[in-house]
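2 protein chains.
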Amino acid sequence: MHQQSIETIEEELAIFIRRVTSFSSHRKLGNLDRAAYLLMHRISKEVPTGVKILAEQLQLDISTVSRQAAALEQKGYVSKLPDPQDGRSYSLQLTELGLTEMAEYKRVRSNKLKELLQDWSDEDAENFAQLLHKFNRSICPK
Amino acid sequence: MHQQSIETIEEELAIFIRRVTSFSSHRKLGNLDRAAYLLMHRISKEVPTGVKILAEQLQLDISTVSRQAAALEQKGYVSKLPDPQDGRSYSLQLTELGLTEMAEYKRVRSNKLKELLQDWSDEDAENFAQLLHKFNRSICPK
DNA sequence: CTAAAATAGTTGTATAATGAAAGTATGATA
DNA sequence: TATCATACTTTCATTATACAACTATTTTAG
Chain B
1 MHQQSIETIE
11 EELAIFIRRV
21 TSFSSHRKLG
31 NLDRAAYLLM
41 HRISKEVPTG
51 VKILAEQLQL
61 DISTVSRQAA
71 ALEQKGYVSK
81 LPDPQDGRSY
91 SLQLTELGLT
101 EMAEYKRVRS
111 NKLKELLQDW
121 SDEDAENFAQ
131 LLHKFNRSIC
141 PK
Chain H
1001 MHQQSIETIE
1011 EELAIFIRRV
1021 TSFSSHRKLG
1031 NLDRAAYLLM
1041 HRISKEVPTG
1051 VKILAEQLQL
1061 DISTVSRQAA
1071 ALEQKGYVSK
1081 LPDPQDGRSY
1091 SLQLTELGLT
1101 EMAEYKRVRS
1111 NKLKELLQDW
1121 SDEDAENFAQ
1131 LLHKFNRSIC
1141 PK
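The listed protein sequences correspond, in order, to chains B and H. Just so you know, we're using the numbering used here here: the first sequence kicks off at 1 and counts up by one. Just so you know, we're using the numbering used here here: the second sequence kicks off at 1001 and counts up by one.
Right under this line is the structure:
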């Protein structure tokens, strides 16, 4: 197979995680942290849903997502609507304010990234985007 | 540089961290965790050096690396030699046992990875390896 | 139709990784 | 020599997380 590539990827992944973690959490960008951003991002992509489904998608414990969601609701970034069909359930949706915050966070992060990748060719950037996307789907258990 | 690629990478980076964090903490591979592996990896690549330099390279706080190094020394995976030129400094080196453990960890990780990427083409794997490498160097502060 | 089981979510507790700040010992410099 | 800088360690607080216990509903079995 492609053993050499596998080993390179394995090695670079370990470094990559460190770099990306440093990139996303070192610098507090605005009012959001990475976990909050990711959760809001999921909520924005999803048909309105509750913490259980979101936790599965994020591969996090329900309790973790419950707390994150509570924090976001507290800040007014998401609203939690009771499900009329099921008294146990809620559906989470972004508020206007939430959307604004998310866009701002994304903007700042993207600018940082653009700076770091300024000497990359369009082609490499496109390929990397596509392969990273593919990789994320490959390691998703679903 | 295409804005679209940047935004895709930005988005996928957030997802990536979540996936990988979940992946590597759910399944404990042997006696090492990811942080320990990465530190040992750095030590193995570097001319013998102390925690300060290693912390810079890993973009971690010195105190964090100091603790990680102490743990590795405790387990007998690295040895900490006092610098004869400077009484404040030490140089860290892998022991035989450390090398063995690292190789084993790498083997297990590579196998997992191979499994996950089994339906990837050689070409994609090679490109991904190369771009990851490039990305890691681009985002490196030094 | 009710009692038991399952489900969605919250809250309490424990753990682990980390950074900041304080502490220690050594070396460099004015 | 006295002060400042450096390499490292240790203490402390924070944060993200999982797990377990709990509440309140809904579903299911008898």
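Beta carbons: idealized from backbone N, C-alpha and C, even for Gly. If you're wondering where the values come from, they're calculated on a predicted model, not measured in any experiment.
Given residue i as reference, the closest of the options once Cα atoms are compared
{"i": "ARG1166 (chain H)", "options": "B:ALA55, B:VAL51 and B:GLU46", "result": "As shown, chain H starts at 1001 and ends at 1142. That puts residue 1166 (chain H) outside it, with no answer to give."}
{"i": "GLN1004 (chain H)", "options": "B:CYS140, B:ASN136, B:LYS106 and B:ILE139", "result": "B:LYS106"}
{"i": "LEU72 (chain B)", "options": "B:ARG109, B:GLN57, B:ASP86 and B:VAL51", "result": "B:VAL51"}
{"i": "GLU12 (chain B)", "options": "H:GLU1123, H:LEU1113 and H:GLN1118", "result": "H:LEU1113"}
{"i": "THR95 (chain B)", "options": "B:GLN74, B:ASP83 and B:SER110", "result": "B:GLN74"}
{"i": "VAL1060 (chain H)", "options": "H:ALA1035, H:GLN1118 and H:MET1102", "result": "Before going further, note that residue 1060 (chain H) is Leu rather than Val in the sequence given. Here the closest residue by C-alpha is H:ALA1035."}
{"i": "HIS2 (chain B)", "options": "H:ARG1137, H:GLN1085 and H:PHE1128", "result": "H:PHE1128"}
Short CB-CB distance (under 7 Å) between residue i and chain H
{"i": "ARG67 (chain B)", "result": "no"}
{"i": "ALA129 (chain B)", "result": "yes"}
{"i": "LEU117 (chain B)", "result": "yes"}
{"i": "GLN85 (chain B)", "result": "no"}
{"i": "ILE43 (chain B)", "result": "no"}
Neighbour flag for residue i against chain B, beta carbons, 7 Å
{"i": "GLN1074 (chain H)", "result": "no"}
{"i": "GLU1046 (chain H)", "result": "no"}
{"i": "ILE1062 (chain H)", "result": "no"}
{"i": "ASP1122 (chain H)", "result": "yes"}
{"i": "GLU1056 (chain H)", "result": "no"}
{"i": "ALA1125 (chain H)", "result": "yes"}
Spatial distance of residue i from residue j (CA atoms)
{"i": "ASN1031 (chain H)", "j": "GLY1076 (chain H)", "result": "12 Å"}
{"i": "VAL108 (chain B)", "j": "GLY98 (chain B)", "result": "16 Å"}
{"i": "ILE1053 (chain H)", "j": "TRP1120 (chain H)", "result": "37 Å"}
{"i": "TYR1090 (chain H)", "j": "LEU131 (chain B)", "result": "41 Å"}
{"i": "SER186 (chain B)", "j": "LEU1081 (chain H)", "result": "Residue 186 (chain B) is absent from the model: chain B starts at 1 and stops at 142."}
{"i": "GLU1010 (chain H)", "j": "LYS1134 (chain H)", "result": "16 Å"}
{"i": "PRO171 (chain B)", "j": "GLN93 (chain B)", "result": "Absent from the structure is residue 171 (chain B), since the part of chain B shown begins at 1 and ends at 142."}
{"i": "MET102 (chain B)", "j": "HIS41 (chain B)", "result": "8 Å"}
{"i": "ASN1136 (chain H)", "j": "ARG88 (chain B)", "result": "45 Å"}
Supposed close pair residue i, residue j - CB separation, criterion 8 Å
{"i": "ILE6 (chain B)", "j": "LEU1117 (chain H)", "result": "7 Å"}
Inset, instruction - Check each residue of the region 6-22 of chain B: if its Cβ is closer than 8 Å to any Cβ of chain H, include it; give the result in chain order. - result: ILE6, GLU7, THR8, ILE9, GLU10, GLU11, GLU12, LEU13, ALA14, ILE15, PHE16, ILE17, ARG18, ARG19, VAL20, THR21 and SER22
Legend entry - Contact residues within the region 1091-1113 of chain H, judged by C-beta distance below 8 Å to chain B: LYS1106, ARG1109, SER1110 and LEU1113
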